[in-house]
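Residue numbers (our numbering), protein chains in the order written: chain A, 168 to 480; chain B, 168 to 480.
Think of the CB as a built atom: it goes at the ideal place given N, C-alpha and C, for glycine as much as any other residue.
Contents: one structure, followed by commentary.
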């Protein structure tokens, strides 16, 4: 694999958790030409990373949150990660009409690291209604050498007034067969306080994924809400989602990732088998159902084919 | 074990699913003396069953629903069940002041049946606020000879205007490691339509159990709501909860219980191990935390000690 990138997901902002809104109101200019396949193929790895980190279609606190989260991962975990080795036309892609665009950045963990890989991404799509669909995501998968949960953050925004938030530390084990696991990572850590906080906001309504698999894979402390109505999505992300996402990420990095478990061979096999199902299902069912509709079959096949090498291995 | 009771949970009403409310408005007179330990010890099995089936502290559609559900189980499954062998002072019990009372009726499956046991119960408690807490429940556990889900129905009513409803077919397997199980019992059956219906009622709000274990053990189609406010609990139970509970019970009896799976030895061991944890946790954590507070340690020890023989075996 390639050498470690020194600047993966490097933020052009130096954002604290509680930032003045003036710092995050800027929206970088965005040139569609950057997304053509030939253009992407000529870009260097650093160029592609910078373009990914622009999150060009979201602004304000949504953009600042993602930059902050990804920068934090880079700062604290970067030395454990390879550089992104996705082909340029998988790091940036669009459909034939240019109405849907996406960018992915994937960094595998070093052989000595407990991180399997970290994937950041964004998708922008102009909906027939005239509104914009913007999805930003960070997911981090660990190796079977540790049983600490995976990390998942998804923000799905439709227009300026509607947001779906999914934030979870995804369990690696069946919480019924392994009650000690439930206790260690979810009960003793009081992770549920974040869910209580976000679900208790007057602007938040519980969100039920239409996928029973998604509901089953998440932890009992998962935050799944749709946000809208009374206050703006901008305010809710800034005042509530951002601090909570950072706290959960910090907990995940500090408490989960650094705590090396004594995982025996049998347990490793179990984790590898369960993780394998989770990752394959994510590509086949989750992405596999939406990517062809958004980007057409050819682009979807190209992107998902490459991702399968990481998710399906 | 004893012979099969011919009249377990026999209803004194012949209730259809859509009943005239005049049929269910009667509330039987209730004598406290029936609950004294010495009195209970002298009652015959039929007497105790009849008293259990009175559900003396709930009325209207709540009572009628429970009578209907339990009568349905008796009619369709009674020939597969032993008679209730709980000691009389576990079939009926109360605390020292008489402010909390309960009744349990447990029937084990015959050796030839796939039913492990069926437990019906009710608890009544006068709260310090002056309101009455009434819990009615039916849970049915299956043997490891089938992998069909368990059945769970809980109605927790505080006063006339507040209800918590839990209705679920509880999975026997980890839904991530066994995606075919998720498909067979939850996706292909469209069980989620009932959750969508109940959760969509304007009077219903999602209910999150404070227990992470309870959240984890339930299926992704579980109905967990608190009901109150706009319409009366009475109307919501009659028009929505009752029909849905009957449909889920009928599905469980018809589709799950009657479909004998080819469960191999290894799978049986897995099911037995997972079921064992579920049942032991129910007694130790769920009932074990609430019974001493409601009934005092002596009564709790007596009742839970007997239940442990069924749940912990």
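Tell me where the alpha helix (DSSP H) around residue i begins and ends.
{"i": "residue 255 of chain B", "result": "255–258"}
{"i": "residue 359 of chain A", "result": "359–366"}
{"i": "residue 351 of chain B", "result": "Here residue 351 of chain B belongs to no alpha helix (DSSP H), and DSSP marks it neither H nor E."}
{"i": "residue 381 of chain B", "result": "379–384"}
{"i": "residue 459 of chain B", "result": "455–462"}
Is residue i buried or exposed, if buried means 16 or more other CB atoms sit within 10 Å of its CB?
{"i": "residue 256 of chain B", "result": "buried"}
{"i": "residue 191 of chain B", "result": "Confidence at residue 191 of chain B is low in this model, with a pLDDT of 28, below 50, so the placement of that residue is unreliable and no value is reported for it."}
{"i": "residue 297 of chain A", "result": "exposed"}
{"i": "residue 281 of chain B", "result": "buried"}
{"i": "residue 460 of chain B", "result": "exposed"}
{"i": "residue 448 of chain B", "result": "buried"}
{"i": "residue 347 of chain B", "result": "exposed"}
{"i": "residue 355 of chain A", "result": "exposed"}
{"i": "residue 169 of chain B", "result": "Residue confidence is low: residue 169 of chain B scores 27 on pLDDT, short of 50, so the model does not pin down where it sits. No coordinate-derived value is stated."}
{"i": "residue 470 of chain B", "result": "buried"}
{"i": "residue 265 of chain A", "result": "exposed"}
{"i": "residue 276 of chain A", "result": "buried"}
{"i": "residue 464 of chain B", "result": "exposed"}
With 9 Å set as the bound, which would you pick, yes or no: does the beta-carbon of residue i sit closer than that to a beta-carbon of chain A?
{"i": "residue 313 of chain B", "result": "no"}
{"i": "residue 453 of chain B", "result": "no"}
{"i": "residue 256 of chain B", "result": "no"}
{"i": "residue 268 of chain B", "result": "no"}
Anyone know if the C-beta pair for residue i and residue j falls short of 9 Å?
{"i": "residue 305 of chain A", "j": "residue 233 of chain A", "result": "yes"}
{"i": "residue 467 of chain B", "j": "residue 455 of chain B", "result": "yes"}
{"i": "residue 405 of chain A", "j": "residue 228 of chain A", "result": "yes"}
{"i": "residue 369 of chain B", "j": "residue 339 of chain B", "result": "no"}
{"i": "residue 336 of chain A", "j": "residue 353 of chain A", "result": "yes"}
{"i": "residue 357 of chain A", "j": "residue 325 of chain A", "result": "no"}
{"i": "residue 309 of chain B", "j": "residue 474 of chain B", "result": "no"}
{"i": "residue 328 of chain B", "j": "residue 395 of chain B", "result": "yes"}
{"i": "residue 341 of chain A", "j": "residue 344 of chain B", "result": "yes"}
{"i": "residue 349 of chain A", "j": "residue 236 of chain A", "result": "no"}
{"i": "residue 442 of chain A", "j": "residue 283 of chain A", "result": "yes"}
By how many angstroms is the C-alpha of residue j removed from the C-alpha of residue i?
{"i": "residue 561 of chain A", "j": "residue 374 of chain B", "result": "Since the first residue of chain A shown is 168 and the last is 480, residue 561 of chain A is not available in this structure."}
{"i": "residue 260 of chain B", "j": "residue 476 of chain B", "result": "18 Å"}
{"i": "residue 241 of chain B", "j": "residue 430 of chain B", "result": "26 Å"}
{"i": "residue 411 of chain B", "j": "residue 231 of chain B", "result": "14 Å"}
{"i": "residue 218 of chain B", "j": "residue 407 of chain B", "result": "27 Å"}
{"i": "residue 111 of chain A", "j": "residue 383 of chain B", "result": "One cannot answer for residue 111 of chain A here, as it falls past the ends of chain A, which runs 168 to 480."}
{"i": "residue 365 of chain A", "j": "residue 243 of chain B", "result": "45 Å"}
{"i": "residue 434 of chain B", "j": "residue 307 of chain B", "result": "20 Å"}
{"i": "residue 238 of chain A", "j": "residue 254 of chain A", "result": "22 Å"}
{"i": "residue 225 of chain A", "j": "residue 330 of chain A", "result": "12 Å"}
{"i": "residue 251 of chain B", "j": "residue 402 of chain A", "result": "59 Å"}
{"i": "residue 195 of chain B", "j": "residue 289 of chain B", "result": "Low per-residue confidence applies at residue 195 of chain B: pLDDT is 36, beneath 50, and the placement is therefore not dependable, though the value from the model is reported in the following sentence. Taking the straight line from one Cα to the other gives about 15 Å."}
{"i": "residue 211 of chain A", "j": "residue 418 of chain A", "result": "34 Å"}
{"i": "residue 213 of chain B", "j": "residue 220 of chain B", "result": "10 Å"}
{"i": "residue 285 of chain B", "j": "residue 472 of chain A", "result": "50 Å"}
Over what stretch of residues does the beta strand (DSSP E) that includes residue i continue unbroken?
{"i": "residue 408 of chain B", "result": "No beta strand (DSSP E) holds residue 408 of chain B; DSSP gives it neither H nor E."}
{"i": "residue 286 of chain B", "result": "282–293"}
{"i": "residue 307 of chain B", "result": "299–309"}
{"i": "residue 334 of chain A", "result": "329–337"}
{"i": "residue 325 of chain A", "result": "317–325"}
At a Cβ threshold of 9 Å, is residue i touching chain B?
{"i": "residue 383 of chain A", "result": "yes"}
{"i": "residue 445 of chain A", "result": "yes"}
{"i": "residue 448 of chain A", "result": "yes"}
{"i": "residue 369 of chain A", "result": "no"}
{"i": "residue 272 of chain A", "result": "no"}
{"i": "residue 407 of chain A", "result": "no"}
{"i": "residue 373 of chain A", "result": "yes"}
{"i": "residue 364 of chain A", "result": "no"}
{"i": "residue 380 of chain A", "result": "yes"}
{"i": "residue 435 of chain A", "result": "no"}
Can you determine whether any heavy atom of the ligand FAD sits closer than 8 Å to the C-beta of residue i, and answer yes or no?
{"i": "residue 233 of chain B", "result": "Only the bare structure without any ligand can be found here, which leaves the ligand FAD out of the picture."}
Using a beta-carbon distance cut-off of less than 8 Å, what residues from the stretch 325–359 of chain A approach chain C? Protein chains A and B are contained in the structure displayed, whereas chain C is not.
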